[in-house]
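Below is one structure; the comments refer to it alone.
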Amino acid sequence: MAKGIVVYYSRTGNTKEMAEIIAQAMNDEDLQTDCKPVDKVKADDLLSYD
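So the mapping is simple: the working numbering equals the position in the sequence shown, first residue as 1, plus 13.
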């Protein structure tokens with residue numbers, strides 16, 4: 014199964030909410046998707062995603 018990630022930055026929580034909706038929609042389409050804030054993702058982490 015393909016693996017995706019939605020990386021976001023949110024000060025007020027609005028972008029986080031939208032990122033989670035996008036990630037859920039991707040999961041619903043059988044794309045294993047993580048949703049993480051940009052400060053928790055390192056460049057090397059992206060190598061494990063398609």
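Every residue, glycine too, gets a C-beta built ideally from N, C-alpha and C.
None of the values given here were measured: they were computed from a predicted structure.
Where does the unbroken beta strand (DSSP E) through residue i begin, and where does it stop?
i: residue 63; result: From DSSP, residue 63 is part of no beta strand (DSSP E); its letter is neither H nor E.
Less than 8 Å separating the beta-carbons of residue i and residue j?
i: residue 44; j: residue 15; result: yes
i: residue 21; j: residue 38; result: no
Among the options, which has the Cα closest to the Cα of residue i?
i: residue 25; options: 50, 61, 36 and 42; result: 50
i: residue 23; options: 57, 53, 62 and 61; result: 53
CB-CB under 6 Å to residue i, same chain, minus the five flanking residues each way: which ones, in chain order?
i: residue 47; result: 18
i: residue 36; result: 19, 46 and 48
What residues in its chain sit with their C-beta under 8 Å from that of residue i, if we drop five residues either side in the sequence?
i: residue 40; result: 46
Which same chain residues end up closer than 7 Å to residue i when comparing Cβ atoms and leaving out the 5 residues on each side of it in sequence?
i: residue 62; result: 16, 17 and 18
Worksheet item: Whole alpha helix (DSSP H) runs in the segment 21 to 54 with 4 or more residues, listed along the chain?
Response: 27 to 41, all fully within the segment 21 to 54.
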